[in-house]
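S.K.: Chains as they are written, first to last, in this note's numbering: chain A, 4 to 251; chain B, 4 to 251. The beta carbon of each residue, even a glycine, is placed where N, CA and C say it ideally should be. Got a structure for you, written out below as structure tokens; questions coming shortly.
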DNA sequence: CCTAACTCCGTACGCCTCACGGAATAAGAC
DNA sequence: GTCTTATTCCGTGAGGCGTACGGAGTTAGG
């Protein structure tokens with residue numbers, strides 16, 4: 004039962020190399036798997052993964068709900084296909100220059116992709132689907148640090164570290180923009196609502212460091228934080244740390 | 004309307020210092036806000052945040068669904084209260100020793116909390132609720148690096164970096180354990196299903212680095228990865244990088 | 001030409017949040 | 001002591017969701 008779905012999804016993921024095995028008997032399909040995946044990506048781009056639904060995908064394609072299930076086994080499998088699809092939509096940059104530049108390129112690629120499709124960060128699958136574009140990208144990520152002097156084991160850990168950091172930073176960045184644009188409340192307005200209660204409730208001497216650091220951050224950039232700057236700061240520290248590991 | 008909910012939730016968050024302002028007129032409440040929050044945490048601990056529902060919280064308390072809404076404004080506000088509650092359930096460790104040890108303590112605290120309540124990583128609020136326990140912890144996190152030589156601006160960035168990294172690592176760790184225990188499929192079984200398709204589809208020479216690194220990892224720990232080890236590896240690199248920043 | 005496979009889809013079940021309004025309850029007002 | 005009014009608890013229903021099941025129409029192979 005479930006095993007069958009796994010096989011089916013894998014052959015869908017690798018449909019470019021395997022070919023599309025459509026039974027020739029009945030009526031022709033009105034759309035294609037690619038169109039279903041594309042429509043899914045559009046819905047998710049516009050409304051996020053929680054508002055993403057099979058019904059909306061069907062509507063966008065001019066089909067009725069249950070027809071979608073003749074293309075993909077179910078919702079979570081469709082999301083898996085969407086993830087691999089967007090991993091392949093931008094060509095992987097040429098890698099060159101110093102180790103620092105190459106690692107930065109890997110992190111930046113992940114950061115950009117998350118910003119292009121914020122719903123990627125909402126996907127939680129216990130086990131990732133291994134598709135062609137994901138595989139290509141992992142190979143590319145490894146090639147960025149190949150020959151730098153890491154052991155094979157370290158290479159995987161380095162990629163995990165860099166890519167995970169980029170994703171985490173993107174998460175903060177996206178949350179920050181969504182806070183402003185989706186709720187329609189600016190940082191200033193938000194503080195106006197919270198401040199009265201918080202001032203009454205936080206004793207003046209209980210949070211000295213938070214107060215000091217908070218006002219410093221507030222002065223520098225008129226917001227609670229600057230995600231892009233935090234990203235560059237953290238990435239530079241991580242690369243410094245990696246270079247030191249190689250020096251030993 | 005919405006502004007009212009914000010005020011109400013803030014007074015609920017700070018109920019220990021503000022007191023519980025319960026109108027004295029009608030019938031007494033059968034349970035308390037604390038019990039509602041506790042019940043919510045239990046449900047989320049057992050089933051995760053996607054399966055978490057107001058109905059289950061009500062059932063657990065012997066109330067009917069709609070009664071919960073007399074205690075908290077809605078689902079997302081209840082989750083906000085739960086987040087602050089679990090942030091306060093373990094005492095913050097004393098900070099001492101070297102900078103490395105203090106930063107490690109901060110990261111480890113976050114890592115532990117995420118493992119105790121994996122649903123924390125599923126919470127996505129554009130704007131965080133500022134409750135007492137969250138505030139205390141931020142102050143504690145800052146105190147771990149106070150006096151080390153960072154600027155005020157850097158202090159916030161360092162905490163963001165370390166805490167974010169711990170959360171990201173915990174995410175990987177939890178996903179790994181959930182992969183095994185929830186689906187009931189071991190890593191080996193999973194490969195048995197995937198391998199036949201993947202071998203047929205991945206040309207032998209296309210993924211040389213992935214193959215080399217993958218088998219190295221597979222030999223070292225009989226799994227696709229070792230989250231705890233990746234956590235320690237990454238944290239050490241980050242701290243190395245931070246120390247180098249201070250040396251300059 | 002018949003049959004078997006295939007696509008599309010209507011219906012239904014069991015979930016979910018939350019708005020609304022009604023009944024029961026208990027404290028304050030008089 | 002009675003009345004009013006705030007408050008709690010809850011039933012109902014609207015509007016979402018994923019997907020199991022089965023039926024109708026369509027097409028190619030035998």
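1. Is it right to say residue 69 of chain A is buried, meaning 16 or more other beta carbons lie within 10 angstroms of its own, or is it exposed?
2. With 7 Å as the C-beta to C-beta threshold (strictly closer), list the residues of the region 132-144 of chain B near chain A in chain order.
3. Of all Cβ atoms in chain B, is any one closer than 8 Å to the Cβ of residue 254 of chain A?
4. Touching or not, the region 20-31 of chain B and the region 98-117 of chain B, by the rule of three or more beta carbon pairs under 8 Å?
5. Who are the Cβ neighbours of residue 202 of chain B in its own chain at under 6 Å, not counting the five residues just before and after it?
6. Assign residue 153 of chain B to one of three DSSP states: helix, strand, or coil.
7. Classify residue 94 of chain B as helix, strand or coil using the three-state DSSP reduction.
8. Which of the three DSSP states, helix, strand or coil, is assigned to residue 32 of chain A?
9. Roughly how many angstroms lie between the CA atoms of residue 149 of chain B and residue 218 of chain A, to the nearest whole one?
10. Would you call the region 104-124 of chain B and the region 30-43 of chain B in contact, with 3 or more CB pairs under 8 Å?
11. For residue 227 of chain A, does the three-state DSSP call read helix, strand or coil?
12. Using Cβ-Cβ distances below 9 Å, what residues of the region 233-244 of chain A are close to chain B?
13. Does any residue of chain A have a CB that is nearer than 8 Å to the CB of residue 79 of chain B?
14. Indicate whether residue 17 of chain A and residue 95 of chain A have their beta-carbon atoms separated by less than 8 Å.
15. Do you know offhand how far residue 196 of chain A's Cα is from residue 44 of chain B's?
16. Does the CB of residue 92 of chain A have a neighbour CB from chain B at under 8 Å?
17. Residues of chain B with a CB under 8 Å from the CB of residue 223 of chain A: which are they?
18. Can you grab the Cα-Cα spacing for the pair residue 231 of chain B / residue 6 of chain B, in whole Å?
19. Does DSSP classify residue 59 of chain B as helix, strand or coil?
20. I'd like to know whether the C-beta of residue 210 of chain B is nearer than 8 Å to at least one C-beta of chain A.
21. Could you please tell me which residues of the region 64-77 of chain B, in chain order, have their CB closer than 8 Å to any CB of chain A?
22. Put residue 210 of chain B into one of helix, strand or coil per three-state DSSP.
23. Could you give the first and the last residue of the continuous alpha helix (DSSP H) run that contains residue 113 of chain A?
24. Identify whether residue 189 of chain A lies in helix, strand or coil by the three-state DSSP scheme.
25. Which bits of chain A does residue 55 of chain B rub up against, with CB to CB less than 8 Å?
26. Would you mind telling me which residues of chain A sit closer than 9 Å to residue 45 of chain B, beta carbon to beta carbon, in chain order?
27. Looking only at C-alpha atoms, which of A/73, A/79, A/113 and A/32 sits nearest to residue 92 of chain A?
28. In angstroms with no decimal places, state the Cα-to-Cα distance between residue 146 of chain B and residue 21 of chain A.
29. Helix, strand or coil, according to DSSP, for residue 72 of chain A in the structure here?
30. Leaving out five residues before and five after residue 8 of chain A in sequence, what residues of the same chain have Cβ atoms less than 6 Å from its Cβ?
31. Determine, using beta-carbon pairs with one atom in the region 179-194 of chain A and one in the region 241-249 of chain B, whether at least three such pairs fall under 8 Å.
32. Curious, which full-length alpha helix (DSSP H) runs of at least 4 residues does the region 162-187 of chain A contain?
33. List, in order along the chain, the chain B residues whose C-beta lies closer than 8 Å to that of residue 171 of chain A?
34. Taking one C-beta from the region 160-168 of chain A and one from the region 154-174 of chain B each time, how about it: are there three or more such pairs within less than 8 Å?
M.R.: Put simply:
1. exposed
2. 133, 138, 141 and 142
3. This structure cannot speak to residue 254 of chain A, because chain A is shown only from 4 to 251.
4. no
5. none
6. coil
7. coil
8. coil
9. 16 Å
10. no
11. coil
12. 233, 236, 237, 239, 240, 241, 242, 243 and 244
13. no
14. no
15. 27 Å
16. no
17. 156
18. 43 Å
19. helix
20. yes
21. none
22. coil
23. 102-119
24. coil
25. Going along chain A, no residue has its Cβ under 8 Å from residue 55 of chain B, so there is no contact; the nearest lies around 13 Å.
26. Here the premise fails: no neighbours, minimum Cβ distance about 21 Å.
27. A/113
28. 57 Å
29. helix
30. 76
31. no
32. none
33. 167, 168, 170 and 171
34. yes
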